[in-house]
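Numbering (my numbering), first residue to last: 4 to 224.
Beta carbons: idealized from backbone N, C-alpha and C, even for Gly.
Keep in mind it's a predicted model, so treat the numbers as computed, not measured.
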């Protein structure tokens, strides 16, 4: 896991979210040649099994189609939830703590002590510097898209807070499927029930905000 002699500072670029009405941008930090890329890849491989834990987990669009097809007789109101800027808002310390516990769970023979394991995660996340427009910057919040750890830490954190849905006493969605930061749901209830559920979700963690869109003419926007 030594850095390559040719490692260089990651560079930032931006992708426009053309499917959004106000067309915000998604920041990407290309880290393939970064000094900590191989360490991040190593840790990501250790956590691959934990990615599939949550009942809401969707691997890819084909997996989504399979799961929706198995629930094709479901009726109710469709709605979607978008997690606003998930990667840059994921609480890093909480996510690293969850990841460390998961490595212990799936790799019982792992010899490295917790403090050193946590330090490896921080080397790959907290110490992210990058170049943009000829200037150097440090990322101080969240996790950077472009790192092998980004989708895994984001998913592990979301899996953890979604466990709180079991405690919700109102009307729950019959179907709740999430692909990273996009959620598809069906609920047997009213728009008022959806609003109450979203209000509950937005209280799960102060750094995570859910934005809802409800079906219109049997279609989601």
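Distance from the Cα of residue 169 is smallest, within the candidate group 110, 207, 192 and 185, for 207.
According to the DSSP assignment, residue 224 belongs to no beta strand (DSSP E), since it is labelled neither H nor E.
Looking at the DSSP output, residue 216 shares a beta bridge with 83.
Contact check between the region 183-202 and the region 118-129: fewer than three CB pairs, one atom from each, fall below 8 Å, which does not count as touching. Contact between the region 158-172 and the region 65-79 is absent: fewer than three C-beta pairs spanning the two stretches fall below 8 Å.
Residue 144 and residue 157 have their alpha carbons spaced roughly 13 Å apart. The region 55-63 and the region 189-198 do not touch, with fewer than 3 CB-CB distances between them shorter than 8 Å.
For residue 141, the uninterrupted beta strand (DSSP E) run begins and ends at 138-141, by DSSP.
Among the bridge pairs identified by DSSP, residue 150 is matched with 148. The beta carbon of residue 46 sits closer than 7 Å to the beta carbons of 123, 124, 127 and 152 from its chain, once the five residues preceding and following it are set aside; these are given in chain order.
Remark: C-beta atoms of residue 212 and residue 98 do not approach each other more closely than 7 Å. Residue 179: member of the beta strand (DSSP E) spanning 178-182, first to last residue.
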